[in-house]
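Undergrad: At position 159 of the sequence shown (counting the first as 1) the number is 247 in this note's numbering, and the numbers step up by one without a gap.
Glycine is no exception: its CB is placed at the ideal position from the N, C-alpha and C atoms.
Note that the structure is predicted; figures quoted are calculated from it, not measured.
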Amino acid sequence: MDPLSVTAGAISIATFALQSCMAAHELVGRLTEAPKTIAHSKKLLSETHNTLEGLRDTLISGSESTFVLDSVLQNINLSIALKSTQSVCDEFGETIKGFTKHSTDLRFSSRDRLAVSFHESKISRFNQQLGECQSTISLALVSINLQVLRSMTLIISSRTSEDIQGLDGRFTAQETALVGLEKQLCDNQTALQAISLDNLGDDATDSWSAAERNLSIALTTKLRDVCRETLATTRAKHTGQSFGDMKVEKSMAYQGIVGAAQSGVEQSFGTLTATDSSTAAQGQMDASSFAMMFGRRR
């Protein structure tokens, strides 16, 4: 697949998911004095909206780091999580419409309140699914931003090694968070698979149907895959820097690491072009050599 189409496709899918989330949020936002379960849904939808908006904005504004985004999105099938989020929001919206036929913007009817109360477990299951989608996309977004920072920073500093060490800590914390989420999803999947079909009802009651259980298992499986891909990509990029082409004219520039040597960092560089008495370099350099070459002192 053309890597450029990967980023463009992710933007499009994220936009559709965001629209579905906004529609569901607007729907529950009109329900005054709604039960706690729906109030929790509103909070989750708001958090999901912020995550989707942040992701979309990152992808749209990432023109200076396109090759990094392309690389990441080819390794993380984020579209699965985005499409799942859209599906959950659409289904949730249709379900809430069915439960609140008699309510208005000014009043939550007693009849609808009873309906919501009777189907509270169903709404809670939607909340759990939405929460899992939001967490998966949120951590994927963190990984994308970290990898852009790691790979795209143009360094003109004598403190680069310290910057790299600071990023190392953030990468380690991100890996820990992803491991925790993957375990949570795994536990949820195991619990779903352990539910006996004999205890499931049909779609006409509040009992969970076998079809709904199987869909929930499939959703959790997909999100686990995305989480594992994000973790693998985060670990792979943890010790890497990747720079694009650099042109320097009547100036000074440096790409790489300055300060203490970082033996575990793999670097790749594009074409370096320096003209009109420019000074430019790539790689790793100790602070004193950097100061001598670029005339800067710590």
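Could you check the C-alpha separation between Q235 and Q262 for me, to the nearest Å?
TA: Within the sequence shown, residue 235 is the residue found at index 147, counting from 1. Within the sequence shown, residue 262 is the residue found at index 174, counting from 1. Roughly 11 Å separates the two Cα atoms.
Undergrad: Taking the Cβ atom as the reference point for each residue, do V314 and I232 lie within a distance shorter than 7 Å?
TA: Here residue 314 is taken as the residue at index 226 of the sequence shown, counted from 1. Here residue 232 is taken as the residue at index 144 of the sequence shown, counted from 1. Not closer than 7 Å, so no.
Undergrad: So, under 8 Å CB-CB, L115 and I211 are touching, yes? Tell me the CB distance rounded to an integer number of Å.
TA: The residue you call residue 115 lines up with position 27 of the sequence shown. The residue you call residue 211 lines up with position 123 of the sequence shown. Wrong, their Cβ atoms sit about 13 Å apart, outside the cutoff.
Undergrad: Roughly how many angstroms separate the alpha carbons of T359 and A341, rounded to a whole number?
TA: Walking along the sequence shown from the start, residue 359 turns up at place 271. Walking along the sequence shown from the start, residue 341 turns up at place 253. The alpha-carbon atoms of T359 and A341 are separated by roughly 13 Å.
Undergrad: Sort K171, A98 and N215 by Cα distance to K124 and report the nearest one.
TA: Residue mapping note: residue 124 aligns to position 36 of the sequence shown, counting from 1. Comparing Cα-Cα distances from K124 to each of K171, A98 and N215, the minimum goes to N215.
Undergrad: Sort A127, A98 and I99 by Cα distance to A112 and report the nearest one.
TA: As a position in the sequence shown, residue 112 is number 24, starting the count at 1. When each option's Cα is compared against that of A112, the closest is A127.
Undergrad: Within the continuous alpha helix (DSSP H) that includes G186, where are the two ends?
TA: For the purposes of this step, residue 186 is identified with residue 98 of the sequence shown, where counting begins at 1. Where G186 is concerned, the enclosing alpha helix (DSSP H) stretches over L166 to F187.
Undergrad: Tell me whether A298 sits in a helix, a strand or coil according to DSSP, three-state version.
TA: As a position in the sequence shown, residue 298 is number 210, starting the count at 1. Correct three-state label for A298: helix.
Undergrad: Taking the C-alpha atoms as reference points, what is the distance between V156 and F196?
TA: Position 68 of the sequence shown, counting from 1, holds the residue named residue 156. Position 108 of the sequence shown, counting from 1, holds the residue named residue 196. V156 and F196: Cα-Cα distance of roughly 49 Å.
Undergrad: Compare the C-alpha of S67 against each of T173, N138 and T95 and name the closest.
TA: Residue coverage of the chain in this structure runs from 89 to 386, which leaves residue 67 outside it and unanswerable.
Undergrad: Less than 7 Å separating the beta-carbons of R144 and A96?
TA: Position 56 of the sequence shown, counting from 1, holds the residue named residue 144. Position 8 of the sequence shown, counting from 1, holds the residue named residue 96. Taking 7 Å as the Cβ cut-off, R144 and A96 do not qualify as a contacting pair.
Undergrad: Near I244, which residues of its chain fall below 8 Å by C-beta distance, leaving aside the five closest residues on each side in sequence?
TA: If you number the sequence shown from 1, residue 244 lands on position 156. Note that I244 scores a pLDDT of 39, beneath 50, so its modelled location is shaky; the value from the coordinates is reported in the next line. Here the set comprises M340, A341, Y342 and F382.
Undergrad: Of the choices G142, A362 and L133, whose alpha-carbon is the least far from that of V336?
TA: To locate residue 336, count along the sequence shown from 1; it is residue 248. Considering only alpha carbons, the answer is A362.
Undergrad: Does the separation of the CB atoms of E317 and I164 fall below 7 Å?
TA: Reading the sequence shown from its first residue, position 229 is the one you call residue 317. Reading the sequence shown from its first residue, position 76 is the one you call residue 164. Yes, Cβ-Cβ distance for E317 and I164 is below 7 Å.
Undergrad: How about A105 and L170: do their beta carbons lie closer than 7 Å?
TA: Here the question's residue 105 lines up with position 17 in the sequence shown. Here the question's residue 170 lines up with position 82 in the sequence shown. Yes, these two residues count as a Cβ contact at 7 Å.
Undergrad: Name the two residues that bound the continuous alpha helix (DSSP H) containing L140.
TA: Reading the sequence shown from its first residue, position 52 is the one you call residue 140. Taken as a continuous stretch (DSSP letters only), the alpha helix (DSSP H) holding L140 covers K124 to I148.
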